[in-house]
Amino acid sequence: MKYSLYTAAQTNEINALFTKTFSDSEGEQEGLLIGQLVEDLIGTTKAEDLYVFVATENETVIGSILFTRLTFEAAISVFLLAPVAVHTDYQGKGVGQALINFGLQAMKKEGVELAFTYGDPSFYSKVAFQPVTEAQFKAPLTLSYPHGWLAQSLSGQELIGIDGDSSCVPAFNKPELW
Numbered sequence: 001m002k003y004s005l006y007t008a009a010q011t012n013e014i015n016a017l018f019t020k021t022f023s024d025s026e027g028e029q030e031g032l033l034i035g036q037l038v039e040d041l042i043g044t045t046k047a048e049d050l051y052v053f054v055a056t057e058n059e060t061v062i063g064s065i066l067f068t069r070l071t072f073e074a075a076i077s078v079f080l081l082a083p084v085a086v087h088t089d090y091q092g093k094g095v096g097q098a099l100i101n102f103g104l105q106a107m108k109k110e111g112v113e114l115a116f117t118y119g120d121p122s123f124y125s126k127v128a129f130q131p132v133t134e135a136q137f138k139a140p141l142t143l144s145y146p147h148g149w150l151a152q153s154l155s156g157q158e159l160i161g162i163d164g165d166s167s168c169v170p171a172f173n174k175p176e177l178w
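Given below as structure tokens:
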């Protein structure tokens with residue numbers, strides 16, 4: 001298994017992975033929604049606001065994660081981990097956790113201070129994400145599942161909160177994604 005930043009040549013394979021994985025687990029409509037989100041994120045997000053990592057086996061993409069910039073009123077480097085996909089045949093084998101840990105370490109080396117995600121607390125707690133509240137860290141849009149708002153300090157600082165509003169990259173600025 002190899003973990004790395006993606007290359008532009010892998011874009012279609014990454015889009016297909018997200019569409020199929022989410023279709024398999026959440027239904028075709030969700031698969032199409034997330035596939036389109038990934039296409040929009042990669043196609044429209046400024047390079048300095050996007051990091052895409054992949055897990056490959058025999059040159060085939062079997063997992064992918066995206067980090068996009070979250071902007072708070074405070075001067076702090078923050079990224080959102082979402083979405084995450086691992087090919088159905090490789091789920092439950094630690095690929096997702098290893099890929100997320102690889103990505104988090106790379107983000108830390110880039111000077112990112114906080115990472116957020118929005119998902120299943122029981123899964124993301126395995127890679128050191130902790131539940132946070134909107135009183136501590138305001139999400140860019142209204143959360144439909146507040147228990148899934150999770151954060152992790154990459155700087156060693158305690159998760160005490162950031163005052164003020166936050167904003168996300170344009171592709172994520174859609175209420176149905178939150």
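Heads up, the sequence shown is in UniProt numbering, so the first residue is 1 and it goes up one at a time.
A virtual CB, placed ideally from N, CA and C, is assigned to each residue, including glycine.
Runs of the alpha helix (DSSP H) lying entirely within the UniProt domain "N-acetyltransferase" (1 to 155) and spanning at least 4 residues, in chain order: 11 to 26, 28 to 44, 95 to 109, 121 to 124. The alpha-carbon separation between Pro140 and Ala171 amounts to approximately 12 Å. DSSP lists Phe137 as the beta-bridge partner residues of Ile162.
Cβ neighbours of Gly96 within its own chain (closer than 7 Å, five residues either side excluded): Gly63, Val84, Val86. In this structure Thr44 is not in contact with Gly31, their Cβ atoms being roughly 20 Å apart against a cut-off of 8 Å. Residue environment for Gly111: exposed (fewer than 16 other C-beta atoms within 10 angstroms of its C-beta). Taking all protein chains shown into account, Thr68 has 16 or more neighbouring C-beta atoms within 10 Å of its C-beta and is therefore buried. Linking Thr21 to Ala74 through their CA atoms gives a straight-line distance of about 36 Å.
Here the alpha carbons of Val61 and Ile160 stand approximately 37 Å from one another.
With three or more CB-CB distances shorter than 8 Å, the segment 109 to 129 counts as touching the segment 148 to 166.
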